[in-house]
Amino acid sequence: MQVEEVAPASFNYVIKTSGQILSAQGDEATIAATANGIVSFAGSAFTEGASVRAGECIVRISAKNLPDGDPVTKAKIAYESAQKEHRRAEKLVKDQIISNKEYEQTCRDYQTAKTIYEAQASGTGAGGVSVASPMSGYIKNRMVNQGEYVSVGQPIATVSQNRRLQLRAEVSESHFKNVRNVSGANFQTSYDNKLYELSDLNGRLLSFGRASTQSSYIPVTFEFDNVGDVVPGSFVTVYLLSNTQEEVLSVPVSAITEEQGLHFVYLRLAEEEYQKQEVTLGQSNGRRVRILSGLKAGDNVVTHGVYQVKLAATSSVMPEGHTH
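With the first letter of the sequence shown counted as 1, position 199 gets the number 199 in our numbering; the numbers rise by one all the way through.
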């Protein structure tokens with residue numbers, strides 16, 4: 001059980017709204033097909049959320065069974081043919097059987113065919129052309145299926161490093177005056193109800209915009225370090241922190257209990273004596289809640305173990321010496 005002494009302190013004006021976690025720009029890369037053909041996954045781990053290393057083969061693309069044939073094989077045949085023609089032209093130009101102009105053309109044809117073949121052959125193995133991840137990270141989106149046909153330039157997957165994430169909040173126009181003074185934010189995830197404070201995550205305000213003609217909400221965007229368990233794409237409850245207010249009484253959210261729409265805290269009067277006290281709540285930043293009435297400076301409020309005290313009071317099995 002923990003107790004906190006109530007004392008006036010600074011407290012930010014809070015705008016509570018909804019938001020979403022997004023991957024930060026620059027932390028993502030799209031992997032695209034480098035050849036036409038049929039996709040085969042390089043491993044069973046090519047799934048959304050799987051980790052990948054820079055340079056790791058993600059998929060192989062093969063065109064062996066397509067009507068147009070394997071482009072690598074075709075490029076090799078063209079290269080070998082151009083190479084033979086170039087060697088032949090070297091002898092003919094010495095004997096002045098062909099002109100220098102004709103010889104130079106065979107040189108250009110040979111170099112072009114060589115470049116095409118080397119580009120096609122690089123990264124090509126028995127399973128086809130290998131397509132690798134340009135950076136280490138996680139598979140955010142997989143855009144193709146096993147056995148699917150792809151063409152050059154078609155997106156295959158998105159890789160995200162998730163080192164930095166963005167928090168995008170949508171604020172009603174009614175808060176426009178206060179949103180201009182927003183300097184920080186806390187947010188709470190829906191999947192585990194954990195509260196995060198951007199001040200602890202190297203967070204910074206990126207921008208706040210104007211409401212568009214299609215929406216009456218103002219977008220506010222922050223960027224912060226990913227601590228590893230924040231899921232990009234998830235929706236969150238956001239507590240935007242605006243103007244600082246001084247001499248405010250507040251208690252941790254964990255100190256509050258609710259009964260039939262009324263809110264209470266438990267005061268410790270003595271070592272083994274507690275009192276149930278009704279309070280009127282103001283704004284909450286997710287971590288602490290402002291108390292408008294019911295408490296005064298110097299009160300000792302139970303902040304952890306509240307339900308133990310409440311349960312004991314309800315069942316009349318308070319530890320010896322507890323009174324209400």
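Here a beta-carbon is modelled for each residue, glycine too, at the ideal position from N, C-alpha and C. Computed from a prediction, not measured in an experiment: that's the story for all the values here.
query	result
Length at least 4, wholly inside the stretch 259–316: the alpha helix (DSSP H) runs in chain order	306–314
Residues of its chain near Q146, where Cβ-Cβ distance is below 7 Å and the 5 sequence neighbours each way are ignored	V39, S40 and F41
Below-7 Å beta-carbon distance, S174 vs any chain B residue	Any reference to chain B falls outside this structure, which holds one protein chain only.
For T323, the three-state DSSP class (helix, strand or coil)	Because T323 carries a pLDDT of 46, less than 50, the predicted location of this residue cannot be relied on, and no value is offered for it.
Cβ-based neighbour list, K140, same chain, cut-off 6 Å, excluding 5 preceding and 5 following	T158 and S160
Simplified DSSP state of K140, which is helix, strand or coil	strand
Burial state of F235 (16 or more Cβ within 10 Å)	exposed
A255 to V238 span [Cα, whole Å]	21 Å
Buried or exposed by the 16-neighbour rule on C-beta atoms within 10 Å, applied to T323	Low per-residue confidence applies at T323: pLDDT is 46, beneath 50, and the placement is therefore not dependable, though the value from the model is reported in the following sentence. Looking at its Cβ environment, which holds fewer than 16 other Cβ atoms inside 10 Å, T323 is exposed.
Contact under 7 Å by Cβ, Q277 with L292	no
Beta-carbon proximity list for G321, same chain, < 6 Å, skipping 5 on both sides	At G321, the pLDDT of 42 sits below 50, so the modelled position is not reliable; the number obtained from the coordinates is stated separately. Excluding sequence neighbours, G321 sits near E272.
For G294, the nearest candidate out of L262, N285, R88 and E148 (CA to CA)	L262
Identified DSSP bridge partners for S327	Here the chain has residues from 1 to 324 only, and residue 327 is not among them.
Option in I218, Y274, V306 and N285 with minimal Cα separation from E258	V306
Inter-residue CB distance, I116 and A32 (contact presumed, cutoff 8 Å)	Actually they do not touch by this definition, with Cβ atoms about 19 Å apart.
Simplified DSSP assignment, three categories, for N202	coil
Pair within 7 Å by beta-carbon distance, N285 and N186	yes
S183 versus S250 - alpha carbon distance	20 Å
Residues near N226 by beta carbon distance below 7 Å, same chain, minus five either side	N162, R163, R164 and L165
Cβ-Cβ separation, I21 to L357 (assumed contact under 8 Å), whole Å	Limits of the chain in this structure are 1 at one end and 324 at the other, which puts residue 357 out of reach.
First and last residue of the uninterrupted alpha helix (DSSP H) at V327	Outside the shown range of the chain (1 to 324) lies residue 327, about which nothing can therefore be said.
Backbone secondary structure at R108 - three-state DSSP	helix
8 Å CB neighbourhood of S216 in its chain, flanking five on each side removed	S172 and E173
Backbone CA spacing between G43 and V231 [nearest angstrom]	24 Å
Rounded straight-line distance, which links the Cα of V220 to that of E148	40 Å
Whole-number beta carbon distance between F224 and L205, since they are thought to touch under 8 Å	L205 to F224, Cβ: 10 Å. No contact.
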